[in-house]
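All the letters of the sequence shown, read from the start, carry residue numbers -11 to 910 under my numbering.
All residues carry an ideal CB built from backbone N, CA and C; glycine is no exception.
Notes for the one structure printed next.
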Amino acid sequence: MRLYDVTVEYQKEPIGIDVCPRFSWKLESQEENTYQKSYEISVAKEGKSVWSSGRVENGQSLFVTYEGSALEAFSHYDVNICVWDNHGNAAETTTFFETGLMSEDNWEGVWITTKEELPAVKTFSKEVCLQKGKKLRQARIYASALGVYDLEIDGKKMGDAYLAPGWTSYGNRVQYQTYDVTDELQEKSLVSLVVGNGWYAGYLNGEGEHHLYGKKTACIAMIRITYEDGSVDVMGTDASWLVSENAIRSSEIYMGETLDLTLPLSDHYAGDTQAVLLERSAFPKRLISQEAEPIRITKRFPVVQKILTPKGELVFDFGQNMAGLVEVELPPLSLLTGAKKEIRITHGEALDKDGNFYNENYRTARSEDVYCYGEGDVGKKAMPHFTYHGFRYICVEGVDSSVDPKYFTACAMHSDMHKAGTMTTSNRLVNRLIQNIEWGQRSNFFDIPTDCPQRDERLGWTGDAMIFSKTAMQNFNTGLFFKKWLRDVAVESDAKTGIPQIVPNVVKGSMGTSIWSDCATVIPWNLYMTYGDTGVLADQYDNMRLWVDWIFGQCQGEVLWMHGFQRGDWLALDSDESLHLMSGGTDKNLVANVFYAYSTKIVCDTAHILGKEEDAKIYDGRYQAIADAILREYVTASGRLVSETQTACALLLYFDLVAGAKKERIIQTLEQNLKQHKNKLTTGFVGTAYLCHALSENGLHDLAAELLLNEDYPGWLYAVKMGATTIWERWNSVLPDGTFDTSGMNSLNHYTYGSIGDWLYRKVAGITPTSAGYATFDIRPYLTKGLEEVEAALETMYGSIRVHTVCKDGQIQVEVKVPVNTTATLYLPEKEDALVLGSGQYHYVYETNTVLIAGRYNMNTKFRDMVEDPAAKAILDAALPGMLDGPMASFILNQSPNEMLAYDAGKKEMFEQIIGQLNQSV
């Protein structure tokens, strides 16, 4: 047995934590049906025990809480974990953690700023000297900023994080970072904090708003030096620090950055001025240790194509839409073409229909980086510091078109979460879709879950995050990422306005609304089910209650929520086009009340888990009342819906709000609606997340598969075939002729419609948790037409779950891996009995008559396309004598079988048989 992947609060060997730690670990064994019987944890400080759990006789391996003596600040703790299994095997391993300040009372530095406004980026510096004759054991710097900052020692950037301290609700919470600088400090070193506007003082929100949080940037730092003799030197920011200009002349999140390396700045920062103390009124309420993974460069892309556009623009294509920056190896001055020796780089997501550079969808965000440099800088690598862009292409000005593409490298950046899920299929377009979903998340999980990474917005829209959260957790381990952001959701919420629609909330005065504000309940619940962390439920419980209680108050004594603003099924395609509505055709109050019921049920279930039984009774009663009222208000006695849209049907089915004959009627209604729309979806942000689930769970999985594999508008693969490398904001962000949506709201990197990823993992691959953290889970792969092979792996808190399903050549093969300490219930395709499996690897092979290979023809193929094949035409003439040659021929040839069913639904079986014959003939 092997004990591995030990984490302390989701992290490996963290330094600078300020919370009581919890320990988790994974086990691996070659023996089947292995589970943990007991464990023992020991924690020591400088060789002295501070806690021993003793041998605990249970299987808990997630979030075991430290229960020893009070932890001390700035201290290193060694951890030893020993585990025993049911086969008599033992395994042991070690880890460590290091505390940070533990309390703001331990800060020995103050917030400093400038006397007056200087250029947007400022450098705060202090010379630090080590004690002579003493040997250095350890050095740490704890730092933060109101703005964004880099920590430098003697001009060298410390760490690999960008845009620290991240974006939080600055007035309430600002994070500090911990740096191990033991190997960097010399006898005499210049410690600097380079501070830019960032989100704190820069332009935000697309309305030209500036200084939303404060007019001056500021910083704070504490340097703690420990010597081998045990003595400690501590110094912090104060009014003795110097402030100077630097080569960064301007820097804004939306606009980009200008770097002028020709400025006569000396190594000693000539022109220094004294820092001043920041006014106390500008202090954040809390200064907290880093709560989630920082933003890092996670992948680099070379140029895949150099393009000279019809307009004469020099454009480089990196082949992948992303968020990040371009690193430039500054080319020889002989290649620069302007009188001023500078290179100007503008970022874009696409080329227009004529092949020219395009970024009009960025609106006011210039996304432009400028480098001015001289001969001595040639060959140096340069990159912006305090901005980022969404892009696939760059347009480069100021350099000759003969320049080698090697000088430009795209650096993809995002919160550096650990990868969780991987999935591949036998369909290359679906594989590209899976990659697009992942890259949509990479591009927008940028310390907060943004809506888009390119235009003058990039805000933490809460509804987008809620809808996508399950898929997000399958792609990456988002435990820390969402826990950090949810704390900002909580501090931005109140009993008067509810839960904000944007967090951090830069649009004050807006009221809570369904879907968006349901992030307060749905995301904590999804975190609990994914990671088995009851701590997140306890942390968020008050805010979860605040949300459903706020809705309860908005109901004005009624059971249902029928008042106030709702966004509905955002960007759905089923509203009256003449009304230009973005909320879709589904009754907005129906959508709101379905999620009101769901959120109330979540709070009820959370109360049970946390042992709050009186609360549970209250919320259970409310849930039952809401569910009953939804049926009375929106469903007739015979099962007709007030809104018979795809979204309305999907929501009532997915959330189990209908049963019996009413449920069967709604299933039929959903099927008929899809048929009327040529088996194409019309759903928006909300319905898309649940439509395929509702179909698969109610006997219509083939129809769900048809939606997935549809290559025409609207559909996921339409965008893939149009060259998308991320998920679009709209189904028709790019039209078939290469023109763009002109609404002014058209991101080509917007993860919400990527919520189909959850269906791919749970239905197509078949992995679904049945208890928190995947301690128990179902494996139920749905055989999917067009996908002969599906392989998925999901790294859970217990270890890797793997499912590989192949159906071809008259045979079904299923391979399964179940982690130690978990139990899987396996439902083999086309088999009746479920198998309960303990840990291990399993392989099943059996015969089948099922053929999953996608035929050339399907129910959406136009008859005119079928008759082009002589063999197919002969089959059609025999099956439909006279139909394709008679007076209605021109009409019928322009129809598909599905479209013809709108006139005669009884011919479905006949058309399916004909399609089968056609595919066998080719």
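Identify whether residue i lies in helix, strand or coil by the three-state DSSP scheme.
| i | result |
| --- | --- |
| residue 61 | coil |
| residue 512 | helix |
| residue 278 | coil |
| residue 437 | strand |
| residue 237 | strand |
| residue 740 | helix |
| residue 583 | helix |
| residue 248 | strand |
| residue 418 | helix |
| residue 365 | helix |
| residue 793 | strand |
| residue 752 | helix |
| residue 163 | strand |
| residue 841 | coil |
| residue 408 | coil |
| residue 386 | coil |
Alpha carbon to alpha carbon, what distance is there between residue j and residue i?
| i | j | result |
| --- | --- | --- |
| residue 112 | residue 142 | 12 Å |
| residue 616 | residue 713 | 44 Å |
| residue 485 | residue 530 | 15 Å |
| residue 570 | residue 375 | 31 Å |
| residue 4 | residue 403 | 18 Å |
| residue 256 | residue 208 | Caution applies to residue 256, whose pLDDT of 41 falls short of 50 and renders its modelled position unreliable; the value that the coordinates give is listed next. Cα to Cα, the separation comes out at about 21 Å. |
| residue 781 | residue 666 | 34 Å |
| residue 40 | residue 407 | 33 Å |
| residue 912 | residue 27 | Missing from the structure shown is residue 912; the chain here goes from -11 to 910 and no further. |
| residue 709 | residue 365 | 43 Å |
| residue 19 | residue 74 | 10 Å |
| residue 198 | residue 242 | 12 Å |
| residue 434 | residue 887 | 44 Å |
| residue 672 | residue 97 | 50 Å |
| residue 64 | residue 390 | 55 Å |
| residue 829 | residue 786 | 15 Å |
| residue 274 | residue 92 | 8 Å |
| residue 612 | residue 619 | 11 Å |
| residue 452 | residue 821 | 39 Å |
| residue 684 | residue 747 | 9 Å |
| residue 661 | residue 838 | 28 Å |
Kindly examine the ligand GDP and report whether one of its heavy atoms sits closer than 6 Å to the Cβ of residue i.
| i | result |
| --- | --- |
| residue 822 | Ligands displayed in this structure: none; no statement on the ligand GDP is therefore possible. |
Which residues bound the beta strand (DSSP E) around residue i?
| i | result |
| --- | --- |
| residue 24 | 24 to 33 |
| residue 212 | 206 to 215 |
| residue 822 | It is not in any beta strand (DSSP E) - residue 822 carries neither H nor E in the DSSP assignment. |
| residue 547 | Unbroken run through residue 547: none, as it is neither H nor E. |
| residue 222 | 220 to 224 |
| residue 38 | 36 to 40 |
| residue 232 | 230 to 232 |
| residue -4 | -10 to -4 |
Output the boundary residues of the alpha helix (DSSP H) element that contains residue i.
| i | result |
| --- | --- |
| residue 660 | 648 to 664 |
| residue 455 | 450 to 463 |
| residue 943 | There is no way to answer for residue 943, as the model of the chain reaches only from -11 to 910. |
- [ ] For the stretch 849 to 903, list the alpha helix (DSSP H) runs that are entirely contained and at least 4 residues long, ordered along the chain.
- [x] Runs of the alpha helix (DSSP H) inside the stretch 849 to 903: 851 to 854, 858 to 867, 877 to 881, 885 to 889.
Open item on the list: Please give the ranges of any alpha helix (DSSP H) in the stretch 682 to 717, keeping only runs that are unbroken, at least 4 residues long and fully inside the region.
Closed with: Taking only runs of at least 4 residues, the alpha helix (DSSP H) segments lying wholly in the stretch 682 to 717 are 689 to 697, 704 to 709.
Task: the stretch 155 to 164 / the stretch 263 to 282 touching (three or more Cβ pairs under 8 Å) - done: Verdict: yes, contact present.
TODO: Evaluate contact between the stretch 369 to 381 and the stretch 302 to 318, counting only Cβ atoms and requiring at least three cross-stretch pairs below 8 Å.
DONE: Segments in contact, yes.
- [ ] Let me know the alpha helix (DSSP H) ranges lying completely inside the stretch 590 to 643, each 4 residues or longer, listed in chain order.
- [x] With a minimum length of 4 residues, the continuous alpha helix (DSSP H) runs that stay inside the stretch 590 to 643 are 601 to 622, 634 to 642.
Task: Any 3 or more C-beta pairs closer than 8 Å across the stretch 190 to 208 and the stretch 89 to 104 - done: yes
- [ ] Scan the stretch 472 to 521 and note each continuous alpha helix (DSSP H) run of 4 residues or more that stays entirely inside, going in chain order.
- [x] 507 to 519
Task: Stretch pair the stretch 691 to 704 + the stretch 670 to 680: three plus CB contacts closer than 8 Å - done: yes
Task: Segment contact flag, the stretch 321 to 328 with the stretch 404 to 415, C-beta cutoff 8 Å, min 3 pairs - done: no
Open item on the list: Below 8 Å, how does it come out for the stretch 585 to 600 and the stretch 508 to 517: are there three or more Cβ pairs, yes or no?
Closed with: yes
Task: Uninterrupted alpha helix (DSSP H) stretches inside the stretch 101 to 145 (no shorter than 4 residues) - done: Listed in chain order, there is nothing to give.
Open item on the list: Under 8 Å, with one C-beta from each stretch per pair, do the stretch 726 to 739 and the stretch 346 to 354 reach the 3-pair mark?
Closed with: yes
TODO: Could you tell me which uninterrupted beta strand (DSSP E) segments, each at least 3 residues in length, are contained entirely in the stretch 297 to 363, listed from first to last along the chain?
DONE: 302 to 317, 330 to 336, 356 to 360
Open item on the list: Could you check whether the stretch 141 to 156 touches the stretch 432 to 449, counting it as contact only if at least three pairs of C-beta atoms, one from each stretch, sit closer than 8 Å?
Closed with: yes
- [ ] Count the C-beta pairs between the stretch 763 to 777 and the stretch 808 to 826 that are closer than 8 Å, then say yes if the count reaches three, no if not.
- [x] yes
Task: Stretch pair the stretch 211 to 220 + the stretch 114 to 124: three plus CB contacts closer than 8 Å - done: yes
Task: Inter-stretch contact (C-beta, 8 Å, three-pair minimum) for the stretch 468 to 483 and the stretch 179 to 193 - done: no
- [ ] For the stretch 578 to 586 and the stretch 625 to 645, state whether three or more C-beta atom pairs, one from each stretch, are separated by less than 8 Å.
- [x] yes
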